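Asks: Take the UniProt record's numbering: the final residue in the sequence shown is number 197, and no numbers are missing along the way. Quick one: this structure, given as structure tokens, is what I'll be asking you about.
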Amino acid sequence: MNITSAKFEISNTDVAKCPAVCRHEYAFIGRSNVGKSSLINMLTGRKSLAMTSSKPGKTTLINHFLINDQWYIVDLPGYGYAQRSKEMQRQIKKIIEDYILERQQMTCLFVLVDSRHDPQKIDLEFMEWLGENSVPFAIVFTKLDKLSSAAAKKQTEKYRNTLLESWESLPPIFYTSSADMRGRNELLDYIEELNQL
Ligand code: GTP
Ligand code: MG
């Protein structure tokens, strides 16, 4: 799919104030600093559509971007950033949970996982919670440019095996790098497929 236009529309802390118009919507979630905003920029081919930072905790709102005047990409705050105050952590958790549980038009939630790390409890528990709430999701490995191809294969295989200990089947999995644009076509093709449903 070609991206012909990508426009920031609105930021919110409250899911009830998100765009009322019903379009297909794809949200990006994962631990702080995993590369959500960078991936959105990579997918849309816009350098600074979503704000990125080397410091975790950059995105704190629900950000809607209108793509090709047809569908939305949503950049969400990251979870699991321990340096935030307890109150801020509570608020962010509520924003994320309310969005995921209440946003009917969210067609797929992309859960980003840093390919360099072993499976983390916080991500595995988050995916369990998605399963319990019947939320459609896919897994996106990020930052693959930081690993050799042998290490990438080993890490992602380890991840799949860990998931298979608790899941009967695996969700769609994507292998990406915002630095070298790996996985862009695969992700956009998947979105295009879901847009037809
Ligand atoms: P929060 O909004 O804080 O939750 O973070 P985020 O998940 O949106 O991460 P962000 O896109 O801001 O990226 C965090 C850092 O990782 C930045 O310094 C990015 O440049 C870097 N980064 C993101 N994706 C990649 C990637 O694919 N490869 C490399 N090498 N660096 C990346
Ligand atoms: Mg971000």
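For glycine and all other residues, C-beta sits at the position ideal for the given N, C-alpha and C. Just so we're clear, the structure is a prediction, and the values are computed from it rather than from any experiment.
Could you tell me which of Ile73, Asn161, Leu144 sits nearest to Leu124, measuring between CA atoms?
Replies: Within the sequence shown, residue 124 is the residue found at index 124, counting from 1. It is Asn161.
Asks: Checking contacts by CB at 8 Å: is Pro77 closer than that to chain C?
Replies: Given the protein chain composition of this structure (a single chain), no chain C is represented.
Asks: Can we count Asp75 as close to the ligand MG, meaning its CB is less than 7 Å from some heavy atom?
Replies: Working through the sequence shown from its first residue, we reach residue 75 at position 75. Flag set: Cβ of Asp75 near the ligand MG.
Asks: Just the C-alpha distance for Ser148 and Gln155, rounded to the nearest angstrom, thanks.
Replies: Taking the sequence shown and counting its residues from 1, one reaches residue 148 at position 148. Taking the sequence shown and counting its residues from 1, one reaches residue 155 at position 155. The straight-line gap from Cα to Cα measures roughly 10 Å.
Asks: Count the CB pairs spanning the stretch 77 to 86 and the stretch 20 to 40 that are closer than 8 Å, and state whether there are at least three.
Replies: Segments in contact, yes.
Asks: Hey, how far is the Cα of His64 from the Cα of Arg46?
Replies: Position 64 of the sequence shown, counted from the first residue, corresponds to residue 64. Position 46 of the sequence shown, counted from the first residue, corresponds to residue 46. So the two alpha carbons sit approximately 15 Å from each other.
Asks: By Cβ distance below 7 Å, which residues in the same chain neighbour Cys108 in space, the five residues on each side in sequence not counted?
Replies: As a working note, residue 108 is residue 108 in the sequence shown. Contacts found: Tyr26, Pro136, Phe137, Ala138, Leu194.
Asks: Checking the sheet assignment: what are the DSSP bridge partners for Glu25?
Replies: Here residue 25 refers to the residue found at position 25 of the sequence shown. According to DSSP, which records beta bridges pairwise, Glu25 is partnered with Tyr72, Met106.
Asks: Under the rule that 16 or more other beta-carbon atoms within 10 Å means buried, what is Cys22, buried or exposed?
Replies: For the purposes of this step, residue 22 is taken as the residue at position 22 of the sequence shown. Flag for Cys22 reads exposed.
Asks: Give the secondary structure of Val15 by DSSP, where H, G and I count as helix, E and B as strand, and everything else as coil.
Replies: By one-based count along the sequence shown, residue 15 stands at place 15. In the structure shown, Val15 sits in a helix (DSSP, three-state: H, G or I).
Asks: When every heavy atom of the ligand GTP is checked, does at least one fall within less than 7 Å of the C-beta of Asn63?
Replies: For the purposes of this step, residue 63 is taken as residue 63 along the sequence shown, with counting starting at 1. Outside the cutoff, so no.
Asks: Cβ atoms of Leu39 and Gln140: under 8 Å apart, would you say?
Replies: Taking the first residue of the sequence shown as position 1, residue 140 is located at position 140. Taking the first residue of the sequence shown as position 1, residue 39 is located at position 39. The sequence given here places Val at residue 140; Gln does not occur at that position. Cβ atoms of Val140 and Leu39: closer than 8 Å.
Asks: In angstroms, rounded to a whole number, what distance separates the CA positions of Glu87 and Asn185?
Replies: Indexing the sequence shown from 1 puts residue 87 at position 87. Indexing the sequence shown from 1 puts residue 185 at position 185. Cα to Cα, the separation comes out at about 39 Å.
Asks: Using the C-alpha atoms, what's the distance from Asp98 back to Met1?
Replies: The residue given as residue 1 occupies position 1 in the sequence shown. The residue given as residue 98 occupies position 98 in the sequence shown. Roughly 30 Å separates the two Cα atoms.
Asks: Leaving out the 5 sequence neighbours to the left and right, which residues in its chain are closer than 6 Å to residue 234 when beta-carbon positions are compared?
Replies: Residue 234 lies beyond the range of the chain shown here (1 to 197); nothing can be said about it.
Asks: Consider the C-beta atom of Ser37 and the heavy atoms of the ligand MG; say whether any pair is separated by less than 7 Å.
Replies: For the purposes of this step, residue 37 is taken as residue 37 along the sequence shown, with counting starting at 1. The answer is yes for Ser37.
Asks: Tell me the residue span of the alpha helix (DSSP H) that contains Ile122.
Replies: Numbered from 1 along the sequence shown, position 122 holds the residue referred to as residue 122. Start and end: 121 to 132.
Asks: Work out the CA separation of Gly131 and Glu102 for me, nearest whole Å.
Replies: By one-based count along the sequence shown, residue 102 stands at place 102. By one-based count along the sequence shown, residue 131 stands at place 131. Near 15 Å, if we compare the C-alpha coordinates of Gly131 and Glu102.
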